[in-house]
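Be aware that the sequence shown starts at 9, since it is given in our numbering, and climbs by one per residue. Ideal Cβ placement from N, Cα and C applies to all residues, glycine included. Please read all numbers here as calculations on a predicted model, not as lab measurements. The block underneath contains the structure these notes are about, expressed in structure tokens.
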Amino acid sequence: MMKSSKGKDNGSSLFSLKEIPCDNQIRNLLDPVPASKIFGAFQRVYKWLKKQGVLKKFLYLNGQILIALDGTEYFSSKKINCPHCNCRHHRNGTTTYFHGCVIPVVASPNRKQVISLEPEFIKKQDGYHQQANRKCCG
Ligand SMILES: [Zn+2]
9 MMKSSKGKDN GSSLFSLKEI PCDNQIRNLL DPVPASKIFG AFQRVYKWLK
59 KQGVLKKFLY LNGQILIALD GTEYFSSKKI NCPHCNCRHH RNGTTTYFHG
109 CVIPVVASPN RKQVISLEPE FIKKQDGYHQ QANRKCCG
């Protein structure tokens, strides 16, 4: 949208990209990268923002840091699954397999921006199958 309205976009301005890769190409590039390789970046950015005094601008309610949480699914399929998948059984007998995570961000009512913190992956809990007395995910 920025490229069509302004002739430029953040991909070309900030990263000198000639074309923004499609979703599938981005997935092909990032899927083999373990999440643990990326988590360090969240911690380094947080520490840098704190050292630069940026974090102080987000303090609220007597100097507290507010953290907003939102959950999302980053994989969902009715056909493809793995041993780590969570699953959702539907009344029509089908099952949806999914991977999800909780995304925390430092937020403040006084700021338009948020600071992303490292996501927490939602793992299938041991014993769920027995408690629910139902078969889940194969
Ligand atoms: Zn899976």
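#### Entry: Option in S116, H97, I123 with minimal Cα separation from W56
Translated into positions along the sequence shown, residue 56 becomes position 48. When only C-alpha atoms are compared, the closest one is I123.
### Task
Compute the Euclidean distance between the alpha carbons of V110 and L67, then round it to the nearest angstrom.
Within the sequence shown, residue 110 is the residue found at index 102, counting from 1. Within the sequence shown, residue 67 is the residue found at index 59, counting from 1. Cα to Cα, V110 sits roughly 22 angstroms from L67.
### N70, DSSP secondary structure in three states
In the sequence shown, counting from the first residue as 1, residue 70 sits at position 62. Coil, per DSSP.
### Task
Tell me whether Y105 is buried or exposed, calling it buried when 16 or more other Cβ atoms sit within 10 Å of its Cβ.
Counted from its first residue, the sequence shown places residue 105 at position 97. Buried, because 16 or more other Cβ atoms sit within 10 Å of the Cβ of Y105.
### Query
Would the C-beta of H97 count as close to ligand 1, meaning under 7 angstroms from any of its heavy atoms?
By 1-based counting over the sequence shown, the position of residue 97 is 89. H97: no, Cβ never under 7 angstroms from ligand 1.
### Query
Mind checking whether F23 and L125 have CB atoms under 8 angstroms apart?
Position 15 of the sequence shown holds residue 23. Position 117 of the sequence shown holds residue 125. Cβ atoms of F23 and L125: not closer than 8 angstroms.
### Message
For I130, which residues in the same chain have their Cβ closer than 8 angstroms to its Cβ, ignoring the five residues on either side in sequence?
### Response
To locate residue 130, count along the sequence shown from 1; it is residue 122. Cβ-Cβ distances below 8 angstroms link I130 to G79, N94, H107, G108, C109, V110 in the same chain, with the five nearest sequence neighbours on each side left out; the list follows chain order.
### Message
Considering only the alpha carbon of each residue, which of T103, S20, L38, D31 lies closest to S85?
### Response
Residue 85 sits at position 77 when you count from the first residue of the sequence shown. Of T103, S20, L38, D31, the smallest CA-CA separation from S85 is found for T103.
### Option in H97, I88, S116, D39 with minimal Cα separation from G71
Here residue 71 refers to the residue found at position 63 when the sequence shown is read from its first residue. The shortest C-alpha separation from G71 is found at S116.
#### Entry: Closer than 7 angstroms: Y82 CB and nearest ligand 1 heavy atom
Position 74 of the sequence shown, counting from 1, holds the residue named residue 82. Outside the cutoff, so no.
### Query
Mind checking whether the beta-carbon of C30 lies closer than 7 angstroms to any heavy atom of ligand 1?
Locating residue 30 in the sequence shown gives position 22, where the first residue counts as 1. Every heavy atom of ligand 1 is 7 angstroms or more from the Cβ of C30, so no.
### Query
Taking 7 angstroms as the cut-off, is the CB of C90 close to at least one heavy atom of ligand 1?
As a working note, residue 90 is residue 82 in the sequence shown. Yes, ligand 1 has a heavy atom inside 7 angstroms of this Cβ.
### Query
Around the C-beta of E128, are 16 or more other C-beta atoms found within 10 angstroms, so that it is buried, or is it exposed?
As a first step, residue 128 must be located in the sequence shown, where it is residue number 120. Around the beta carbon of E128, fewer than 16 other beta carbons sit within 10 angstroms, so the residue counts as exposed.
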